[in-house]
Amino acid sequence: MTEVSFYHLQRQPLSQALPKLLERALAAGHRAVVMAGSQERVEALDATLWVYDPDSFLPHGTARVGFSAEQPIYLTTEDENPNQASLLVLIDGMEPADISAYARCLDLFDGNNQFAVDAARLRWKKYKDAGHQVTYWQQKPGGGWEKKG
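Written out as structure tokens, the structure reads:
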């Protein structure tokens, strides 16, 4: 079964939280697919990952760039795994057909949007009922994450 971690964004926007989580994932040896809700979001994240930290580099790509199979981090709107990733990152409330092809899944949602919170609760129940190991992380006031469940 897949280990699913829900990340409740409250203090930082996705554009600040996601790069740090991806850095940790790459350091742990994961390849990642980031599944976004729109092509505009993919393009915005692509731009963000190039410039978010001048002292850091997150190798990534999109279908537009090509070489999908070689990308350590692949940004997409499609339910696909062209780079044989072990980590799936879901944003914008995305739900793939099957997460069991991945060892881990991170589901990031906006805690300041009640619709997003309610939708995340439904996904939590769905994954838990399917037998996946589910955990919940909440942003701490001073930064970082605290495991809440």
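Take 2 as the starting number for the sequence shown in the working numbering and just add one per residue.
Glycine included, each C-beta is placed from N, C-alpha and C at the ideal position.
- Would you check if there are 3 or more beta carbon pairs closer than 8 Å linking the region 76-92 to the region 35-45? yes
- Query: Does the Cβ-Cβ distance between HIS9 and GLN140 come in under 8 Å?
  - Reply: yes
- Query: Going by DSSP, what residues sit across from PHE110 in a beta bridge?
  - Reply: HIS9
- Message: Can you tell me whether SER17 is helix, strand or coil according to DSSP?
- Response: Reading off the sequence, residue 17 comes out as Gln, not Ser. Here GLN17 sits in helix by DSSP.
- Query: Nearest to ARG32 by CA position, among LEU50, HIS61, SER16 and GLN11, is which residue?
  - Reply: HIS61
- Message: I'd like the span of the beta strand (DSSP E) that includes LYS148, first residue to last.
- Response: 146-148
- Segment limits, beta strand (DSSP E) that includes GLN140: 134-140
- Item | Exposure label - ARG1; buried when at least 16 CB within 10 Å | Residue 1 is absent from the structure shown; the chain starts at 2 and stops at 150.
- Message: Whether or not the region 24-31 and the region 114-130 are in contact is what I'm after, with contact meaning three or more pairs of Cβ atoms, one per stretch, closer than 8 Å; do they touch?
- Response: no
- Task: Look at the Cβ atom of ARG105, then the Cβ atom of THR3, and state whether they are nearer than 8 Å.
- Result: yes
- Message: Here's the rule I'm using: 16 or more other beta-carbon atoms within 10 Å means buried, otherwise exposed. How should VAL43 be labelled?
- Response: buried
- Task: Pick out the complete alpha helix (DSSP H) segments inside the region 36-79, 4 residues or longer, and give them in chain order.
- Result: 40-52
- May I ask you to report which of helix, strand or coil DSSP gives ARG122? helix
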